[in-house]
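Read the structure below first, then the notes.
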C-alpha cells in the first residue's frame, strides 16, 4: 500500500478469485485502504477457473481506475493480462506473489508487485546452483519459520510451559529466519516483512529502492 501511495495510485479496481486465502487477503487490503488514501472504485469476484475477462474489463474500465489490483492465481493473471492487451488497455496492474509463478512473465513486463521476502541470500544462491532456477517457494520457508519460532519459545523455559505461557512467549520473541525477522502477533498470525519485485526482461527481480 505504501508503494501505491508513493506512486499516487489512489483509485483502484480489485479483481479477486473466490478462494479463501485470496478473500482474506482482499479483506485485509480493504480494511487498511483508507489509511493510505486509497479509494476502491470497483470490486469484482471471479471463479478460480475463469478465463474470459473481456466483458468484465469492458465494465471495469468505465470507472477509470488508476490501477488494477489482481488477487488471483497465475492462470487467471495470464488470462486477465491477455484480455487487457486485446482491448489495448494501458492502465497499470499490480498483484501479489502469484506473479512469481506466472509462466509467461512477458505479459507483465515492467509490473511491480508484493512478494515474499528471502533474506538468506546464501540459501537462495545454493538453491539456484543445485536446481538451476529461482527459489520461489518462500511460503514453505514461512512454515519452517513458524516451527522454529515455537521451538525457540519452548527453549526459553527450564520446565515445560503451559499453553498460555508458551503463547505469551511467542508474542514476545522475534526470530531471524530465511524470510527475515518474523514474530507471532494477534490471532496467532505469524508476521514478517515482504518485499517488492518487478518483471524485467521477462524475469522477476527484486525492486531496488
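Numbering (our numbering), first residue to last: 2 to 210. Think of the CB as a built atom: it goes at the ideal place given N, C-alpha and C, for glycine as much as any other residue.
Going by the DSSP bridge assignment, what does residue i pair with across the sheet?
i	result
residue 45	16
residue 95	70
residue 85	Note: residue 85 sits in no beta bridge, so no partner.
residue 181	178
Just to confirm my understanding: we take residue i, look at its own chain, exclude 5 residues before and 5 after, and list those with CB closer than 8 angstroms. What are they?
i	result
residue 75	99, 100, 102, 103, 104
residue 82	94, 108, 109
Where residue i and residue j are concerned, what is the direct C-alpha to C-alpha distance, given to the nearest angstrom?
i	j	result
residue 36	residue 205	29 angstroms
residue 72	residue 181	24 angstroms
residue 60	residue 90	12 angstroms
residue 3	residue 161	42 angstroms
residue 24	residue 18	8 angstroms
residue 125	residue 143	15 angstroms
residue 63	residue 170	51 angstroms
residue 96	residue 77	12 angstroms
residue 32	residue 152	33 angstroms
residue 187	residue 203	38 angstroms
residue 34	residue 123	36 angstroms
For residue i, which residues in the same chain have their Cβ closer than 7 angstroms to its Cβ, ignoring the five residues on either side in sequence?
i	result
residue 207	196, 198
residue 67	10, 11, 12, 13
residue 58	84, 85, 88, 90
residue 185	150, 171, 172, 191
Evaluate residue i with the Cβ neighbour count: other Cβ atoms within 10 Å of its Cβ, from every protein chain shown; 16 or more gives buried, anything less gives exposed.
i	result
residue 158	exposed
residue 49	exposed
residue 176	buried
residue 116	buried
residue 141	exposed
residue 114	buried
Please list, in chain order, all residues of the same chain as residue i whose beta carbon is under 6 angstroms from its beta carbon, the five residues on each side excluded.
i	result
residue 200	106, 109, 110, 112
residue 183	146, 176, 191, 193
According to the Cβ coordinates, are residue i and residue j closer than 7 angstroms?
i	j	result
residue 70	residue 131	no
residue 1	residue 167	The structure shown does not extend to residue 1, since the chain is modelled only from 2 through 210, so no value can be given for it.
residue 80	residue 46	no
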